[in-house]
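Reviewing the structure listed below.
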């Protein structure tokens, strides 16, 4: 039934607001083209009362970052009884906490990188682990606050302990995995294709690589051996299910094939609110699997529910 009234939740007030505005606009336009009645809701602190008055049939969650993908907006939608897309309260909160998500995913046999959680001030004078390693905010997305400490670096990066740091005092320190950046989308209970991300002019897949046109090259499908391709699909689905994700998710991996073709495959994280911008990966992977952008979004709307 395409006459459903869909509220596309976009914008919000996290540091990923610009990404969400772009994702939300693309989704709202495509859903209108699919025949849905669409309301664009730029999410503020009054979102509960706005939605209670609007009374949509479905909320399409196009928010990114804290509040939008950490279980908070999901809890509001549960309270209001509005069916919504993507993952539910628990899976969203769990996936947003990178260290806790890794523990759960590791417990079902998915390989993860060695890591530890630390206070940012406790690591500003002494390396928390032997370089190379990566420092990540434990609860951020879009590569905000990611710092790579290279092998020969004599001391930890000073920015982590400075007043400029705005990503919270708790950080995750993770062993740096050499190799290629691969990602796999999951749609329901099916792992779609695997894509390789090749940053152009960037040392890693940072914010600009993700969202600025030409910031990265996507090799879809990834040029890896069939057994590695299938392994990544299997691991992505395992992670999706272990965390309890629903709808669409995307798992990111590193694949170190410097010494052998089988190499080392390491799971990094699962994204419960993957980008839906014109340069985003999930729409591209879905297209290679035979789902147009409109079909993908229609499936997500029809899959929406409460108690996810």
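In full-length UniProt numbering, the protein residues as written are 1 to 308. From the three backbone atoms N, C-alpha and C, an ideal C-beta is built for every residue, glycine too. All values derive from a computational prediction rather than experimental measurement.
- Task: With DSSP as the reference, please indicate the residues paired to residue 37 in a beta bridge.
- Result: In the chain shown, the residue the question calls residue 37 occupies position 37. According to DSSP, residue 37 bridges with 5.
- Message: For a minimum of 3 consecutive residues, which ranges assigned as the beta strand (DSSP E) are wholly contained in the region 257 to 299?
- Response: Qualifying beta strand (DSSP E) stretches, in chain order: 264 to 271.
- Length of the line joining the Cα atoms of residue 60 and residue 183: For the purposes of this step, residue 60 is taken as residue 60 along the chain shown, with counting starting at 1. For the purposes of this step, residue 183 is taken as residue 183 along the chain shown, with counting starting at 1. Residue 60 and residue 183 have their C-alpha atoms spaced approximately 23 angstroms apart.
- Using the rule of at least 16 other Cβ atoms within 10 Å of the residue's Cβ for burial, across every protein chain shown, is residue 133 buried or exposed? Your numbering for residue 133 matches position 133 in the chain shown. Per the 10 Å Cβ criterion, buried.
- Message: Per DSSP, what are the beta-bridge partners of residue 61 in this structure?
- Response: If you number the chain shown from 1, residue 61 lands on position 61. Per DSSP, 9.
- Message: On the DSSP bridge list, what partners appear for residue 137?
- Response: Position 137 of the chain shown, counted from the start, is the residue given in the question as residue 137. For residue 137, the pairing in a beta bridge is given by DSSP as 171.
- Task: Starting from residue 85, follow the beta strand (DSSP E) in both directions and report where the run begins and ends.
- Result: Position 85 of the chain shown, counting from 1, holds the residue named residue 85. Neither: residue 85 is in no beta strand (DSSP E) and is coded neither H nor E.
- Message: Less than 9 angstroms between the C-beta atoms of residue 118 and residue 170, yes or no?
- Response: As a first step, residue 118 must be located in the chain shown, where it is residue number 118. As a first step, residue 170 must be located in the chain shown, where it is residue number 170. Here residue 118 is near residue 170, since their CB atoms are less than 9 angstroms apart.
- Task: Would you mind sorting residue 86 into buried or exposed? The rule is 16 or more other CB atoms within 10 Å of its CB.
- Result: Numbered from its first residue, the chain shown carries residue 86 at position 86. Result: buried.
- Does DSSP put residue 253 in a helix, in a strand, or in coil? In the chain shown, the residue the question calls residue 253 occupies position 253. If DSSP states are grouped into helix, strand and coil, residue 253 belongs with the strands.
- Task: With a 10 Å radius around its C-beta and 16 neighbouring C-beta atoms as the bar for buried, classify residue 111 as buried or exposed.
- Result: Here the question's residue 111 lines up with position 111 in the chain shown. The residue in question, residue 111, is exposed, as its Cβ has fewer than 16 Cβ neighbours within 10 Å.
- Message: Is it buried or exposed, residue 314, if we count other Cβ atoms within 10 angstroms and call 16 or more buried?
- Response: Outside the displayed range of the chain (1 to 308) lies residue 314, so it cannot be described from this structure.
- Could you name the residues of the same chain whose beta carbon sits closer than 6 angstroms to that of residue 291, not counting the 5 residues immediately before and after it, in chain order? As a first step, residue 291 is located in the chain shown; it is residue number 291 there, counting from the start. Within the same chain, no residue comes within 6 angstroms of residue 291 by CB-CB distance, once the 5 residues on both sides are set aside.
- Message: Less than 9 angstroms between the beta carbons of residue 257 and residue 180, yes or no?
- Response: As a working note, residue 257 is residue 257 in the chain shown. As a working note, residue 180 is residue 180 in the chain shown. Going by C-beta atoms, residue 257 is nearer than 9 angstroms to residue 180.
- Query: Span of the beta strand (DSSP E) holding residue 199?
  - Reply: Position 199 of the chain shown holds residue 199. Element bounds for residue 199: 190 to 199.
- Message: Measuring straight from C-alpha to C-alpha, what distance separates residue 144 and residue 109?
- Response: Along the chain shown, one-based indexing puts residue 144 at 144. Along the chain shown, one-based indexing puts residue 109 at 109. Going by C-alpha positions, residue 144 is about 28 angstroms away from residue 109.
- Buried or exposed: which applies to residue 211, given that a residue is buried once 16 or more other Cβ atoms fall within 10 Å of its Cβ? Counted from its first residue, the chain shown places residue 211 at position 211. Residue placement at residue 211 is flagged as unreliable, the pLDDT there being 43, under the threshold of 50; the coordinate-derived value follows with that caveat. Flag for residue 211 reads buried.
- Query: Are the Cβ atoms of residue 270 and residue 239 separated by less than 9 angstroms?
  - Reply: One-based indexing of the chain shown puts residue 270 at position 270. One-based indexing of the chain shown puts residue 239 at position 239. Closer than 9 angstroms, so yes.
- Stretch pair the region 99 to 109 + the region 51 to 58: three plus CB contacts closer than 8 angstroms: Look at the beta carbons and you see the region 99 to 109 not touching the region 51 to 58: under three pairs across the two are nearer than 8 angstroms.
- Message: Going by DSSP in three states, residue 218 sits in which element: helix, strand or coil?
- Response: For the purposes of this step, residue 218 is taken as the residue at position 218 of the chain shown. Under the three-state reduction of DSSP, residue 218 is assigned to strand.
- Item | residue 186 in three-state terms, based on DSSP | Taking the first residue of the chain shown as 1, we reach residue 186 at position 186. In the three-state reduction of the DSSP assignment, residue 186 falls in the strand class.
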